[in-house]
Every structure is written in structure tokens, then in C-alpha cells.
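Each number in my numbering comes from the position in the sequence shown (counting from 1) with 5 added on. C-beta: ideal position from N, C-alpha, C; glycine also.
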Amino acid sequence: MLKYLLFVLSACPSSVPYLEASVCVASCSNLSFQVSGSDLVCVDSCVNYYFIDLLNLNQKQCVDKCPDDQPFAQNQQCVDRCSSASYSVVIGQLQTLVCQISCTYYVFNTSNLNSKQCLSTCPDATPYSDSGLCVERCSTNSYIVISGQPQTHICQISCTYYVLNTTNRNSKQCLANCPDATPYSDSGACVYRCSSGAYQIVLGQVQTLFCQTSCSFFVLNATNGNSKQCLVQCPQAQPYSDSGLCSARCSSGNYVNQAGSFTCLSSCSNLFVVNTSNLNSKECVDACPLTQVAYLKECIPSCPASAPYNDSSLCVTRCSSGIYSSLALPMQCVNSCSDMYVFNASNGNSQQCVNSCPTAAPYYETGACMTRCSSGAYSVTNNVLQPLVCQASCTYYVFNTSNLNSQQCLASCPDLTPYSDSGLCAERCSTNAYMVVSGQPQTLICQATCTYYVLNVSNANSQQCLTKCPDATPFSDSGLCVFRCGSGSYQSISGSGQLLFCVQACVYFVLNGSNANSKQCLVTCPQLSPYSDSGLCSSRCTSGNYKNTNGVFTCQLLCSGLFIVNISNANSKQCVDSCPFTQVSYQQECIGSCPPAAPYNESSACVLRCSTGVYSSLNINMLCVLQCPDIFVFNATNQNSKQCITSCPTNTQFYEPGACVARCSSGAYSVTSAVQAYVCQQDCSYFMYNKTNYNSKQCFFACPYDFPYSDNNMCVSSCASGKYTQPSSSTALVCQPMNATRNLILYIAVPLGAAVLILIIILIICLCKKNKSKYFMQQAPTAPPRQPLMNQQYQKQIQMKQLQDQNQEYNNYTYINQYGQTQKARNIYDNKGNMILRLVPDYDEEDQYRAKGQKGKKDKRMIMVSEDQYRNWI
């Protein structure tokens, strides 16, 4: 209200109320002013606080203190309330309420509970800070005192250590650690002593004493015997835990060591070790140390004589396995002996492991020392530990002189008994047969029989067996090696060495070069002497005849069947049962082809004539067949013989159901492009008489251009006098008899029709010039004018071009016929490249065609014929 009053008293009028540089203005340029007396003076900025001028919202009125209706200063602007709902009182020359973002300590404004007054510390009336709010007491009943100027009480959720407030026992003052007056922490409360009488010292930044319900290990407090100090383990000076109390020794004298922790026991349940430093003290153990054994629950260094065997570190009177070793002390029980054993003399079921067999059991057999070998065979070795080793059997042996049931095995038989008879070394063989086996030393082995042998020079009844006969006596005669065979025949068999066996007779043989009376038998004759002549292998047969049976050449006196003359030797004949595939037989000889005397090949045999009366001349040999596959002609010299052919010859050029004949029985034929060029017909649609034989008629599908008219089905060049041409549904112009009335009509109608025809032609030409050959093809190559007849010159030209044109398809030319239809055609040219004919597949005589020539040139007629007419002409 004051500011409005000042505005009225201002020197400047209301329209320009502000004074800026002694000039009244509507608004300050810096948007800030202050009241100076009765004037509103513009300033650069507000030093302390400002509020917005309600009469001019763009202007700030500067003040030293915010007014009562806007008592709070927020960023220098006076407002009626803080946006953060927090403020602090600033004491100065003028007390001011300044807005804060948040408060460390605060109380609620009594007039507005949503507004917080920030404080530097809580007042005495509400000394506790509960999440910043100053209260009379903490809701959690726990607090901590923070030293400072002034001292502050901060509410806590709970305390690690605490003492009760002296004025309020329900209020706990939290502490960092318990004080000396109450040093023990009993569930957090610092007390003078523990109610259980047990505590534990926990070392940390500050040593702490925690009360415990009970202790695993403890010592009594020196100052208070009823107070126990709990320990993690007993100390070295008092290592034994006797019911938890750490002491220097156990009262019972028994203890157990559990991972370095010594616990006193009333007695040992299993084993024990006597303490060497204190014989009255025993350490209870589950198993004896590695260097000791158990005997009567006590661990001792070795087993006593009353229980001498160590069975798994336990002293026993005998081993459970029945096996022990005396190789170490004490005698150790084992599952098996690693080397050898001998049975205990006093207990045959107990095995004693030893390094070598004793004299009482000198034979070594499968790990055991025996008094004798079970097989009765043994050998003497160089092994000091095992000098006598039992064997399953001996290669060579002699009987033991002291025990004939015992065989001493030897590497070889000695000189006194040099022969090995089934292994026994003897003075001579019982079979009188032996073989010398080379080696170190040489051995004489007795044999039941010999394959090859010589008689012993010192004993003719003794046979020395050999692997083969020696060079001096190379022939084996029933096993005996001799100088020559008694039969004079022998056979050489190749093996590891060539062997010569005496035989009674030979199938094949050659004479021995050094002894002509000696025959060497062979399995087959050699390549240089391939022929067997009565068994003797020679280079040729004396008879000149031989037979090849599976590669074996056997000489024959005569050939009973067929023969082939040897190419390299004309006097040598090979006898055969049948001729080769490429040859035929003639007079018992196999030859390449049949001679003129027997020209026909019937079942690979040359004959004068075929038994079937049919032969084929399609290959070199005239082959007899059952019937001709296609066509035939009768043999000129023998009408009963038929010759198979592929096309009819000139003298019998007409084809009539399977046969070639000199003329058709019906007298009618047609010309085709097939191998049967002239095919006999029963009747003709159109015909012409053959120029050379007027009894023969050539049939046509349509009359040719030379003779385009049909007179009683005969093609003629023009109708006879008194006849006229009548268009027919057939492909020919038919000659008809002419009467008087018709003559008159034709006399008048022909000139009139010609005039009409000329007018139609002129009209068509005009239309063609206008439409530019819409329905006609481009100009064809120049051709002669269409003629009623085909002259000889064009016939020759057609014949010259037929070969290169006959394979052309109907796709190289098209035209529009008189009915407006597109048709395919092909052109025939002369040898100068001029088109002389256009062939169409189904040409109709009535089909007229005009080829459109190039622009400015005269139209020309094309000669058009059918394919059948074209073939007839050529």
C-alpha cells in the first residue's frame, strides 16, 4: 500500500512514473528501480532483495528487507512462501528469512507445518535430530552424541555398543566401543562384568571384550577366578583342552591330537602311542604312524616274537593271505611274491617269498621253488638265483642219472649220443633214418621216413635224409638219390630248387641232350618245340597235320574234319572241328570267302545254291536266308532262286508287293522318291501312257503342266475337238463334250466375261497400289512368264537343282492365296539363281497367285506346282 502512495506523490506523472537520469520514463531500461523519497528511481540492479511491481510486471522494486506479505527471499526475490518449503533466519541489521534447498536440522513453522525452519543445531527443548527434525526424544530410543560446538544428538536405528541414558533408562546412547568402567559388551550393552562369566577378546582397531554364553577353549581370569576368557585354541604353554579348560597336561593322561589341537580323553577307544617325553601320557590315534605297527592297541616300532608277521601294520601270528616275505624286517605279509617263493617247512600252507631257491627245493617252476618239476623236465641255466628251471618239454634231453623220471634238457645232443630220437639223445636212430640239421652245433634228427636220402657209407642200413638230391646223384628214384633213372624217364619240377624225379612213362618229353636214351618229361611242350608227335615235343609234325586243343598242339596222321592251312607254312594244316567266325568251309578247308564254283554261304559252308532258294547280296558273301527282309528279284539264270536287294534294278524296275518285276501286272504304276521308284498300282486317278511302252500307264495324283487336261482320266495337252474344259472338284481340268446351246452361250459369255475380268483386274491393281501389298509378298527373284507347258530347258535346270533343294523345309517363303490365307512354300532356282518354280504342299490348279513386284516394275506370273507334280517332272 505504501508503494502505491509513493507513486502518487512522485514527481513524475503516472504515464511515465519512473525517473531515469532525471528523465521520466514509462519503464526502466534495466527493469529495476527503488523508491527514493517521492520518486521511483531506476537503478542498474537490486543490491539486496526485490519484488515484482504489480502495476508493471516487468519492473523490479528493490528493497532492503522483504515486506510482511512476502517475507521470504528466494534468489533475492521476495515471495510469500519458499518453493522448497525450507528456510533459515538470517540475523543482521535487518532480520531476513532466506529460502534453502534443504536443512541439516530443522523445526516446523508453528504457523505453517509444511514450512521448515532450518537450524545450525537442535535447541535444548528438542535436542535430538531424527532424520534432521529436532525432536524431544528419538523414536528408536537409540542415539549417538557428536562432539562439536555445540554437541549434537543424532538418532540411530540401532547401536553396536551402548550405555543406557541415566535420566531415561529406555534411551540408549550409542558408543564406538565400551568404556573402561563398563568394558564388556553383553549383546551390545556395555556392562561391568558378563552375566555368564565368559567372555572373548576380539582384537581390532580397539580391543573389545564380548560376553559369550559358553567357551570351546578358555583360561580363568587371573584377577577373577570365576571369569573365563574364551580362546580360539589353547596357547602353547597350556596346549591340552581338559573339558574346555586349557592346561599344561591332561588329568587322565590320555589325549587326542585333532589337527594340532590336543583334547584330553578319559581313555583311548582304539590305538595309542606312548609319549616319549612323558611315559604316563598316551596319545590316542586311529592308525599307527607309517614307521610303527599295532600290537595289543599300542603302536610299537616292530612286531614281537609272539606275533612276528606284519599284516597291514598289524602284528599277527600268521598272515591272512598265507604269503609273507622274509626279504625285509619285520616279516611283511603280501598278496603275492614278486619273484619266487618256497613253502614254509613247518606250515605247508604258508608261502615264504625268497630271492633264490634253497637246496631243499632247488627247481624253479612258475614262481615256486619245488623239490622236483611237475613235467619231469628241467634245464640248467647260468642264472645264479634260478640255476634249475622246470620246462614243459625238452627239444633235446638226457635222463637224470640219479632220477630216471627226470629229464635234463640240452641245447643239442652230445657226441656220445649224437642222434635226437623224439628229443632223446641216443647213440643211433631206432628208425635208421636221420637228417642233418645245420646250426651251431650241427644236429642229427631221427626221421620216421625220408623224402630224399642217401645210404650212410659207414652203415648201409642207415639212411641220411636230404631236402633234395645232390648234383652227384641228382635223380630221385622212389626217394633214393641215384646217378640215373632205371626207367630212363624223369621229370623236372621247379621249386625252391629244381628237382628231378624218376617216372615210368611221359605224356610229353624231350630227349636229354647229354644222354639220348634219357627222356625229360614235361607238363606241356615248350614254345620252341610246340608240337607233340607221339609224346615227343618237336618244332613241326612229320605228317604236317596237327590239332590245337586248348593251346596244346597234337600231331595227327590225317584231319578227320576240317582244316586251316598254316599261313607261314602251306604244308602244315591245323585240324579244326569248325571254321572261325570270319571264315567259311569249302571241301574241308576253311577259307576267307566262297569261290565261284560254290558262291553261296549257307551256315558258314560254301554251296552251289541255297536250300531255301533265297539269298542276300547285301554283303561280300552271298548269304543264304530264310526270306528277304524287304524286296527281292528272281535270279536271271534260275527263276526258282530269289535275290534280296535294297532297290529294284533297271531291268526289273517296277515294284510289286515285295518283288521287282519287268512290268506291272496291272500295267499301271506311279513314280515315288523311295528306293522303289516305280510302284505298281491297281488303277489310276489320272494317267499317261509310257512313251517307250504304250501298254504301261504312269499314274498321277494330278495331271502335270505339260498335260493339264483330263480326257477320260488320261492327261492330255489340250481337249480334243468338240470338247471343252469343265472345272471339277478334283485337281484336273476335265474335257467335256460340247452341245449347240452351250456353244452359243459360250460365244456370247466369253467376250463379256473377259471384259468384266479386265475391269476387276484394273480395280485390284489400283487397290494394291494404295495398300502397298498388304496381302502380297515382296517381289520374288525374276522368273520366266507362266507357261502352259514345262519345256525341256527348265526340266534340265530343275534336275540340276533337285539335290540341293530336296531337303529344304516349307519355311523359307510364304504367300497369301486367293482365299486370303497364308501358305508356306519353297522356291526352286535355276543354275543362274533365277527362280523358276514355287512349290506348295497342296497346290490347287484353281488357286491363282500374283506376286507383287518392286515399285515401278511390272507384275509377273509365278509358275506354281505341287510337290507330286514336281517329282513326276524330275
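Could you spell out the range, first to last residue, of the beta strand (DSSP E) harbouring S543? As a working mapping, residue 543 is identified with position 538 in the sequence shown. S543 -> beta strand (DSSP E) spans 541-543.
Relative to the C-alpha of N340, which candidate in N349, V347, S325 has its C-alpha closest? Counted from its first residue, the sequence shown places residue 340 at position 335. With distances taken between Cα atoms, N340 lies closest to S325.
Please give the ranges of any beta strand (DSSP E) in the segment 19-78, keeping only runs that are unbroken, at least 3 residues long and fully inside the region. 23-25, 28-30, 37-41, 44-47, 54-57, 65-68
Where A373 sits in the DSSP three-state scheme: Position 368 of the sequence shown, counting from 1, holds the residue named residue 373. Note: A373 maps to strand in three-state DSSP.
Closest by CA to D191, which one among C216, Y329, G202? Locating residue 191 in the sequence shown gives position 186, counting from the first residue. Of the candidates C216, Y329, G202, the one whose C-alpha sits nearest the C-alpha of D191 is C216.
Here's the rule: buried if 16 or more other CB atoms are within 10 angstroms of the residue's CB, otherwise exposed. What is D44? For the purposes of this step, residue 44 is identified with residue 39 of the sequence shown, where counting begins at 1. Classification for D44: buried.
Can you give, in chain order, each stretch of the beta strand (DSSP E) that sits fully within the segment 135-175 and has at least 3 residues? Within the segment 135-175, the complete beta strand (DSSP E) segments of 3 residues or longer fall at 138-140, 147-151, 157-160, 166-169, listed in chain order.
Under a CB-based cut-off of 8 angstroms, is R545 close to chain C? Note that chain C does not occur in the displayed structure, where there is just one protein chain.
Please check the pair V676 and A682, which I expect to be a contact at CB under 8 angstroms, by giving their CB distance rounded to whole angstroms. Along the sequence shown, one-based indexing puts residue 676 at 671. Along the sequence shown, one-based indexing puts residue 682 at 677. Correct: roughly 6 angstroms between the Cβ atoms.
Does Q809 come out as helix, strand or coil in the three-state DSSP assignment? In the sequence shown, residue 809 corresponds to position 804, counting from 1. Any reading at Q809 must be qualified, since the residue scores a pLDDT of 38, below 50, and its modelled position is unreliable; the value itself is stated next. Helix at Q809.
Counting along the chain, where does the beta strand (DSSP E) carrying S246 start and finish? Translated into the one-based positions of the sequence shown, residue 246 becomes position 241. Note, S246: beta strand (DSSP E), 245-247.
For the beta strand (DSSP E) that F348 lies in, which residues bound it at each end? Counting from one through the sequence shown, the residue named residue 348 turns up at place 343. Taken as a continuous stretch (DSSP letters only), the beta strand (DSSP E) holding F348 covers 345-348.
Three-state secondary structure assigned by DSSP to Q798: By one-based count along the sequence shown, residue 798 stands at place 793. Reliability of the predicted coordinates at Q798 is poor, the pLDDT of 39 falling under 50, and no value is obtained from them.
N80: which of N53, V94, C255, L62 sits nearest, CA to CA? Within the sequence shown, residue 80 is the residue found at index 75, counting from 1. When each option's Cα is compared against that of N80, the closest is N53.
What does the Cβ neighbour count give for Y197, buried or exposed, with the cut at 16 atoms within 10 Å? For the purposes of this step, residue 197 is identified with residue 192 of the sequence shown, where counting begins at 1. That one is exposed.
Is DSSP giving I572 helix, strand or coil here? For the purposes of this step, residue 572 is taken as residue 567 along the sequence shown, with counting starting at 1. If DSSP states are grouped into helix, strand and coil, I572 belongs with coil.
Buried or exposed: G558, going by 16 or more other Cβ atoms within 10 Å of its Cβ? Translated into the one-based positions of the sequence shown, residue 558 becomes position 553. Residue identity check: residue 558 is Phe in the sequence provided, not Gly. F558 is buried by the Cβ-count criterion.
Report all residues from its chain with a CB closer than 7 angstroms to the CB of V84; omit the five preceding and five following residues, and keep chain order. Within the sequence shown, numbered from 1, the residue matching residue 84 stands at position 79. Within the same chain, V84 has close Cβ partners Q75, F77.
What are the residues that DSSP puts in a beta bridge with Y189? Within the sequence shown, numbered from 1, the residue matching residue 189 stands at position 184. V196, L214, per the DSSP bridge assignment.
Do you know offhand how far A264's Cα is from C293's? The residue you call residue 264 lines up with position 259 of the sequence shown. The residue you call residue 293 lines up with position 288 of the sequence shown. About 16 angstroms.
Per DSSP, what are the beta-bridge partners of Y605 in this structure? Your numbering for residue 605 matches position 600 in the sequence shown. Paired residues: V612, M627.
Look at L393 and V403 and say whether their C-beta atoms are less than 8 angstroms apart. Counted from its first residue, the sequence shown places residue 393 at position 388. Counted from its first residue, the sequence shown places residue 403 at position 398. Result no, Cβ atoms of L393 and V403 do not sit closer than 8 angstroms.
So the candidates are Q39, T554, S134, F480; which of them puts its Cα closest to the Cα of Q503? By 1-based counting over the sequence shown, the position of residue 503 is 498. Looking at Q39, T554, S134, F480, the one whose alpha-carbon comes closest to that of Q503 is F480.
When DSSP labels each residue in this structure, what does L301 get in the three-state scheme? Your numbering for residue 301 matches position 296 in the sequence shown. Reduced to three states, the DSSP call for L301 is coil.
Alpha carbon of G327 to alpha carbon of C338, nearest angstrom: Translated into the one-based positions of the sequence shown, residue 327 becomes position 322. Translated into the one-based positions of the sequence shown, residue 338 becomes position 333. A direct Cα-Cα distance of roughly 8 angstroms separates G327 from C338.
When the Cα atoms are used, what is the spatial distance from T422 to R433? Taking the first residue of the sequence shown as position 1, residue 422 is located at position 417. Taking the first residue of the sequence shown as position 1, residue 433 is located at position 428. Whole-angstrom Cα-Cα distance: 7 angstroms.
DSSP bridge partner residues for T448 (one or two, in chain order): Here residue 448 is taken as the residue at index 443 of the sequence shown, counted from 1. Partner(s): V442.
Start and end of the beta strand (DSSP E) containing F586? Within the sequence shown, residue 586 is the residue found at index 581, counting from 1. That residue, F586, is in no beta strand (DSSP E); it is neither H nor E in DSSP.
Alpha carbon to alpha carbon, what distance is there between D482 and G549? Along the sequence shown, one-based indexing puts residue 549 at 544. Along the sequence shown, one-based indexing puts residue 482 at 477. C-alpha separation (whole angstroms): 38 angstroms.
Residue of V150, S232, S646 minimising C-alpha distance to Y189: Against the sequence shown, residue 189 aligns to sequence position 184. If we check each option's Cα against that of Y189, S232 comes out closest.
Here's a check: name, in chain order, each residue in its chain whose Cβ is nearer than 6 angstroms to the Cβ of V459, leaving out the five neighbours to either side. Taking the sequence shown and counting its residues from 1, one reaches residue 459 at position 454. For V459, where only same-chain residues beyond five positions count, the Cβ hits under 6 angstroms are Q469, C486.
Can you check DSSP and say which residues form a bridge with Q412? In the sequence shown, the residue the question calls residue 412 occupies position 407. BP columns for Q412 point to A382, F404.
From what residue to what residue does the beta strand (DSSP E) around D716 run? Here the question's residue 716 lines up with position 711 in the sequence shown. First-last of the beta strand (DSSP E) with D716: 714-716.
Straight-line gap, C649 to F637 (C-alpha atoms, nearest Å): Counted from its first residue, the sequence shown places residue 649 at position 644. Counted from its first residue, the sequence shown places residue 637 at position 632. If you take the alpha carbons of C649 and F637, they lie about 4 angstroms apart.
When the Cα of L301 is compared with those of L631, L319, C289, C269, which residue comes out closest? On the sequence shown, residue 301 is found 296 positions in, with the first residue counted as 1. Among L631, L319, C289, C269, the Cα nearest to that of L301 is on L319.
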